[in-house]
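If you're matching them up, the sequences are chains A and B in order.
Going by my numbering, the first residue of the first sequence is number 1, and it counts up by one from there.
Going by my numbering, the first residue of the second sequence is number 203, and it counts up by one from there.
Beta carbons: idealized from backbone N, C-alpha and C, even for Gly.
These notes are about the structure you will find just below.
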Amino acid sequence: MRIKQNKRVIEESELDMTPMIDIVFQLLIFFLLSAKFIALEGQLSSYLPKDRGLQASFSKIEPDEVIFFLEWVADPVNDKTGRVRCQTINYKRPGETSGEDHEFESQDATAGQVEYGPDRQLVQYGEVLGMPGYHIPNFTNIEDYLHFRHGLYETKGSGKSIPVTINVEDNVPMQMVANIVDICTRIGITNVTIAAKEIPID
Amino acid sequence: MKKRKSSDRNFDTKMDLTPMIDCVFLLIMFFILTTQITVNIEEVTLPFALEGKPEKRNNTDTVMLIMNVRQSQSPEAAARAGEIVYRGKVLNTKTLRAMLDEEVAYDAALPPRGRGRAKEVGPNNVQLSQLEILIRYDKHVKSEYLRNIFEQCQKAGVYKLKLATTQP
Chain A
1 MRIKQNKRVI EESELDMTPM IDIVFQLLIF FLLSAKFIAL EGQLSSYLPK DRGLQASFSK
61 IEPDEVIFFL EWVADPVNDK TGRVRCQTIN YKRPGETSGE DHEFESQDAT AGQVEYGPDR
121 QLVQYGEVLG MPGYHIPNFT NIEDYLHFRH GLYETKGSGK SIPVTINVED NVPMQMVANI
181 VDICTRIGIT NVTIAAKEIP ID
Chain B
203 MKKRKSSDRN FDTKMDLTPM IDCVFLLIMF FILTTQITVN IEEVTLPFAL EGKPEKRNNT
263 DTVMLIMNVR QSQSPEAAAR AGEIVYRGKV LNTKTLRAML DEEVAYDAAL PPRGRGRAKE
323 VGPNNVQLSQ LEILIRYDKH VKSEYLRNIF EQCQKAGVYK LKLATTQP
């Protein structure tokens, strides 16, 4: 009688949840890790210049190309902070008069210039020590401007996307470049080039 | 005696390996996943963007190098200084160029699959590579540290660039 009872107890205790819990934990860990891994980040597409030309590349610039210059203007009082200035300059082929293709005068930094506007935003890094904020350009204006140029380019019906080049000065935080590429992607401009220094052919 | 023997046998057969195998699998999976993260991916505060598209995994034609630019960790570094990390190693200009040349040569030697690895020649007869570079960078870092990458990439003939951003 005793032995029989013992057996029954053993049989009942064999119906345990351990393997199921093991597998559930395994699945849990897998999904936790993989979900974090995939959902972490997005990507913005852009290009680097294909040539390593010197000034030669300037003669090949398309007249419609939008060229941004991102510059760092240091604060005269506190040299750790400053503002990022964004300009566009529209190149024109030498000898060409301004036609309907050129809405903006060549070499003219004022037409189509985008400064940080009255609603400029101050980026604050309160939580990061030693990282004072800086003034950023008015990206709403940049977006409007790009929208305008993009529409103008589309009416010519080349079927391609308007070329946009971003020149960055050394001190500018890279977030600014990401912002402009972001705006271009939103408008539908796929031909974005980030220009490095003039690179000599070695 | 007989009864005892049979119970002993019962006890023997119950010593199974399942929990141990479970645990081993668990460890294997854990280490596979975590090492993949630590090899390619540095912890950086990525820049914010609204249009960052999640990475596409279905395109097997293009090879992508993942470069990380993190904030410099040496104490005497200036504010917003960066350093280039590739597969857990910090690169300087020389090693960066060597690495790029090696990868470009390796990629060019691969047999062509589809239209992905078509030969392309840019202006000035520069041989262009079909490699893609994904740059994961800290948003505070000054652009001069990325320009180093841009410069070396251009010299190596790499022109396809992806910038990592946060996902909206």
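Between A178/A and P249/B, the gap from beta carbon to beta carbon is short of 8 angstroms.
Taking a 10 Å sphere around the C-beta of N350/B, we find 16 or more other C-beta atoms and assign the residue as buried.
Selection T165/A, P173/A, V172/A and N171/A evaluated against V181/A yields T165/A as nearest (Cα-Cα). As the crow flies, the alpha-carbon of D22/A is around 11 angstroms from that of V226/B. Rounded to the nearest angstrom, the Cβ distance from V66/A to L146/A is 7 angstroms, consistent with a contact under 8 angstroms.
Per the coordinates, the alpha-carbon of T155/A lies some 11 angstroms from the alpha-carbon of F148/A.
For E353/B, the closest of R289/B, D303/B and S276/B by C-alpha to C-alpha distance is D303/B. Of all residues in the segment 158 to 174 of chain A, only V168, E169, D170, N171, V172, P173 and M174 come within less than 9 angstroms of chain B when Cβ atoms are compared, listed by chain position. Beta-bridge pairing by DSSP links K50/A to no other residue. Counted as a single uninterrupted DSSP element, the beta strand (DSSP E) harbouring F68/A occupies residues V66 to A74. With a cutoff of 8 angstroms on beta-carbon distance, K344/B and Q175/A are scored as not near each other. For Q43/A, the chain B residues whose Cβ falls inside 9 angstroms of its Cβ are G254, K255, P256, E257, K258, L336, K364, L365, A366 and T367, in order along the chain. Contact between L27/A and L235/B is absent: CB atoms are separated by about 13 angstroms, not below the 8 angstroms threshold. Note that the C-beta distance between Q87/A and K255/B is not below 8 angstroms. A distance below 6 angstroms between beta-carbons, with the five flanking residues on each side excluded, links K50/A to no residue of its chain. Apart from the 5 residues on each side of it in sequence, M266/B sits with its Cβ closer than 8 angstroms to the Cβ of L333, E334, I335, L336 and K364 in its chain, given in chain order. A straight line joining the alpha-carbon of D170/A with that of I187/A spans about 27 angstroms. Within chain B, the residues placing a beta-carbon under 7 angstroms from that of D182/A are A251, L252 and E253, ordered along the chain. Residues S331 of the same chain have their beta carbon placed closer than 7 angstroms to that of A310/B, with the five preceding and five following residues left out of the count. Residues of the same chain with a CB within less than 7 angstroms of the CB of I142/A, apart from the 5 flanking positions on each side, are C86, V114, I180 and I183 in chain order. Measuring C-alpha to C-alpha distances from L348/B to each of E285/B, A307/B and G359/B identifies E285/B as the nearest. In terms of beta-carbon proximity, R289/B stays away from the interface with chain A, with every pair separated by 8 angstroms or more. With a threshold of 8 angstroms between beta carbons, Y153/A makes no contact with chain B.
Taking a Cβ-Cβ threshold of 7 angstroms, none of the residues of chain A is close to Q332/B; the smallest such distance is about 12 angstroms. In the structure shown, N167/A falls within a strand segment according to DSSP collapsed to helix, strand and coil.
Burial of L298/B is indicated by the presence of at least 16 other C-beta atoms within 10 angstroms of its C-beta. Taking 8 angstroms as the Cβ-Cβ cut-off, the segment 342 to 356 of chain B approaches chain A at H342, V343, K344, S345, E346, L348, R349, F352, E353, C355 and Q356, given in chain order.
Legend: CB atoms of the segment 219 to 240 of chain B lying less than 9 angstroms from CB atoms of chain A belong to residues T220, P221, D224, C225, F227, L228, M231, F232, L235, T236, Q238 and I239.
L248/B reaches chain A at E41, counting residues in chain order whose Cβ is nearer than 7 angstroms. Taking a Cβ-Cβ cut-off of 8 angstroms, the neighbours of Q26/A in chain B comprise D224, F227, L228 and M231, given in sequence order. Put simply, of S45/A, V172/A, E71/A and D75/A the residue whose alpha carbon is nearest the alpha carbon of R282/B is V172/A. Chain-order list of chain B residues neighbouring P19/A: T220, P221 and D224, by C-beta distance under 9 angstroms.
With respect to the C-alpha of T264/B, the residue from E305/B, Q369/B and Q356/B having the closest C-alpha is E305/B.
The beta-bridge partner set that DSSP reports for N270/B consists of V287/B and R338/B.
For A178/A, the chain B residues whose C-beta falls within less than 8 angstroms of its own C-beta are P249, F250, A251, K341, L365 and T367, listed in chain order.
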